[in-house]
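Enquirer:
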Amino acid sequence: MKLDNKKIFQTLNPNKVWVPILIGLGIIVAMFYMDPNLTVDNLKVAADASLPWLFFAVLVLFFRDFGYVYRIRELTDGHLSWTRAIYVIILWEFASAVTPSVVGGTAVAMFILNKEGIKMGKAIAIVMVTAIMDNLFFVIGAPIILFLAKGNIFPESKLLESQLENSLQAIFWISYSLYATHTLVMTLALFYRPRVFKWVLIKICSIKFLRKWKHNAQEFGDQIIAASKVLSGKDYRFWLKIIGVTIFIWTSRYVMLNALVSAFVPLTLDDQIIVFARQVIMWIVMMLSPTPGSSGTAEFFYGQFFAQFLGQYTFVTSIIWRLFSYYPYLFLGAIFLPRWIRQVFFKKKQTAEE
44 MKLDNKKIFQ
54 TLNPNKVWVP
64 ILIGLGIIVA
74 MFYMDPNLTV
84 DNLKVAADAS
94 LPWLFFAVLV
104 LFFRDFGYVY
114 RIRELTDGHL
124 SWTRAIYVII
134 LWEFASAVTP
144 SVVGGTAVAM
154 FILNKEGIKM
164 GKAIAIVMVT
174 AIMDNLFFVI
184 GAPIILFLAK
194 GNIFPESKLL
204 ESQLENSLQA
214 IFWISYSLYA
224 THTLVMTLAL
234 FYRPRVFKWV
244 LIKICSIKFL
254 RKWKHNAQEF
264 GDQIIAASKV
274 LSGKDYRFWL
284 KIIGVTIFIW
294 TSRYVMLNAL
304 VSAFVPLTLD
314 DQIIVFARQV
324 IMWIVMMLSP
334 TPGSSGTAEF
344 FYGQFFAQFL
354 GQYTFVTSII
364 WRLFSYYPYL
374 FLGAIFLPRW
384 IRQVFFKKKQ
394 TAEE
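Take the sequence shown: its letters are residues 44 to 397, numbered as in the working numbering.
If you want it as structure tokens, here you go:
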């Protein structure tokens, strides 16, 4: 697979951190001035936070990132050291943070892994497996969580009702169906019949109005076959570890917000389940956002989904939530990227010359 290095470095650009920051700040300022109920006092209530719960929120964030690092090391069969795995994850998260969620940092992740000494076939396999596992958590976990939430998953918001009516539920179930179908097809293609998948893909793209994508379909089919060969022979213990750490990662991601809400208001067990479940719905909304890292979209919908529980703390916790879960990866990426470029390109070139 050939990657467009120019486009990759356009994505891996430290200057891009300002785009989502400005969008996010713009939405926050707009929300502040358009809502007559918001005052400076809504920021002062941050002092009411329970420090143990805030500490726990930060702790589970570290758990999540540790899970990502551990998973990438396992998928590379230990090829990456802990330090190199940390670099890969930070840059991968940075790429996801500066691109629209619907685009993601897939190509960048392949590029980074390849530059870390992973063969392209294996890099493709790793990225595909992480995508499938993450989607499977949503596809399998969502119905379970929604059942436990006893139907209290869609927020009661006058703004959402006036703008979307029942569209939010429709968007969720349509998106869920698409994710489930895509995940099923990719799982079968990667682990069961990669050559059949390639044949079907080429046949579909042989249709007259789809012919311009035939070459891309053939190339993608070859990638699936190469990735399938890399993954063949992995025993059940390997897959149990990957599945287990994926559940750990996503549970930690969602528990962080539960902890943040609990830092300001007491939640019953049923409330905790509903807050957890609504994050699944929000994830779909954020995935459809056209802005980098769902910037602006996340801040807006946060209030619609969780104001029921947080009341006067909604505005300040939306800021804290993004400060914890999003902005650190922008700044870490901007710091780590120049170092990674020096290490991967210049030091290796210097070593080769010597």
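Just so it is clear, CB atoms sit at the ideal spot from N, CA and C, and this is done for glycine as well.
For Thr394, is the classification buried or exposed, using 16 other Cβ atoms within 10 angstroms of its Cβ as the cut-off for buried?
Expert: Note that Thr394 scores a pLDDT of 49, beneath 50, so its modelled location is shaky; the value from the coordinates is reported in the next line. Flag for Thr394 reads exposed.
Enquirer: Would you call the segment 365-382 and the segment 159-178 in contact, with 3 or more CB pairs under 8 Å?
Expert: Too few Cβ pairs lie closer than 8 Å, so no.
Enquirer: What's the gap between the Cα of Ala150 and the Cα of Ile51?
Expert: About 7 Å.
Enquirer: Have a look at Glu397 and Ser337 and give me their C-alpha separation to the nearest angstrom.
Expert: Residue placement at Glu397 is flagged as unreliable, the pLDDT there being 47, under the threshold of 50; the coordinate-derived value follows with that caveat. Taking the straight line joining both Cα atoms gives about 45 Å.
Enquirer: What separation, rounded to the nearest whole angstrom, lies between the Cα atoms of Leu65 and Ala73?
Expert: Each residue's Cα considered, the two are about 12 Å apart.
Enquirer: Could you check what DSSP says for Pro57 in three-state terms: helix, strand or coil?
Expert: DSSP places Pro57 in helix when its eight states are reduced to three.
Enquirer: Quick check: the segment 122-129 against the segment 319-336, are at least 3 beta-carbon pairs closer than 8 Å?
Expert: Too few Cβ pairs lie closer than 8 Å, so no.
Enquirer: Measuring only the C-alpha atoms, how far is Leu179 from Met325?
Expert: Their backbone Cα atoms lie some 17 Å apart in a straight line.
Enquirer: Within this structure, are the beta carbons of Met176 and Thr289 separated by less than 8 Å?
Expert: It is a contact, given that the beta carbons lie within the stated cut-off.
Enquirer: Taking its Cβ as the centre, do 16 or more other Cβ atoms sit within 10 Å of Val101, making it buried, or is it exposed?
Expert: Label assigned to Val101: exposed.
Enquirer: DSSP state of Ala377, grouped into three classes?
Expert: Looking at Ala377 - three-state DSSP - the assignment turns out to be helix.
Enquirer: For Ala269 and Arg280, I'd like the C-alpha separation in whole angstroms.
Expert: Roughly 22 Å separates the two Cα atoms.
Enquirer: What are the start and end residues of the alpha helix (DSSP H) that includes Val239?
Expert: First-last of the alpha helix (DSSP H) with Val239: Pro237 to Ile247.
Enquirer: Look up Pro309 in the DSSP assignment and give the residues it is bridged to.
Expert: Looking at the DSSP assignment, Pro309 forms no beta bridge with any residue, so it has no partner.
Enquirer: Should the segment 369-377 be called in touch with the segment 54-69, which here means at least 3 C-beta pairs below 8 Å?
Expert: Touching, yes, given that three or more Cβ pairs across the two stretches are closer than 8 Å.
Enquirer: Quick one: using the 10 Å Cβ neighbour count with 16 as the cut-off for buried, is Thr224 buried or exposed?
Expert: Classification for Thr224: exposed.
Enquirer: By the DSSP assignment, the alpha helix (DSSP H) with Ala192 in it spans what residues?
Expert: Per DSSP, Ala192 belongs to no alpha helix (DSSP H) and is neither H nor E.
Enquirer: Out of curiosity, what's the CA-to-CA distance linking Ile24 and Tyr76?
Expert: Any question about residue 24 goes unanswered here, given that the chain covers just 44 to 397.
Enquirer: Are the CB atoms of Ile267 and Lys246 within a distance shorter than 8 Å?
Expert: Not a contact, by the Cβ cut-off of 8 Å.
Enquirer: Closest Cβ-Cβ distance between Thr173 and chain B: below 8 Å?
Expert: You won't find chain B in this structure, because it holds only one protein chain.
Enquirer: Quick check on Pro63: buried or exposed, where buried means 16 or more other Cβ atoms within 10 Å of its Cβ?
Expert: Label assigned to Pro63: buried.
Enquirer: Within its chain, find whatever has a CB closer than 8 Å to the CB of Ser249; leave out the 5 residues flanking it on each side and keep chain order.
Expert: Within the same chain, Ser249 has close Cβ partners Lys257.
Enquirer: So, does the segment 112-119 touch the segment 307-324, judging by three or more C-beta pairs under 8 Å?
Expert: The segment 112-119 vs the segment 307-324: no contact.
Enquirer: Do Leu312 and Ser271 have their C-beta atoms within less than 8 Å of each other?
Expert: Result no, Cβ atoms of Leu312 and Ser271 do not sit closer than 8 Å.
Enquirer: Please state whether the Cβ-Cβ distance between Leu104 and Met299 is less than 8 Å.
Expert: Yes, the pair counts as a contact, with Cβ atoms nearer than the cut-off.
Enquirer: Skipping 5 residues on each side, what residues in its chain have a beta carbon closer than 6 Å to that of Ile384?
Expert: Same-chain partners within the cutoff: there are none.
Enquirer: Between which two residues does the alpha helix (DSSP H) carrying Thr149 extend?
Expert: Thr149 to Lys158 is the extent of the alpha helix (DSSP H) around Thr149.
Enquirer: On the three-state DSSP scale, how would you describe Pro63?
Expert: Pro63 falls in the helix class under three-state DSSP.
Enquirer: Grab the span of the alpha helix (DSSP H) containing Leu366 for me, first residue to last.
Expert: Leu366 -> alpha helix (DSSP H) spans Thr357 to Ser368.
Enquirer: In chain order, which alpha helix (DSSP H) runs of at least 4 residues are fully inside the segment 278-344?
Expert: Counting only runs of 4 or more, we get 279-305 and 312-330.
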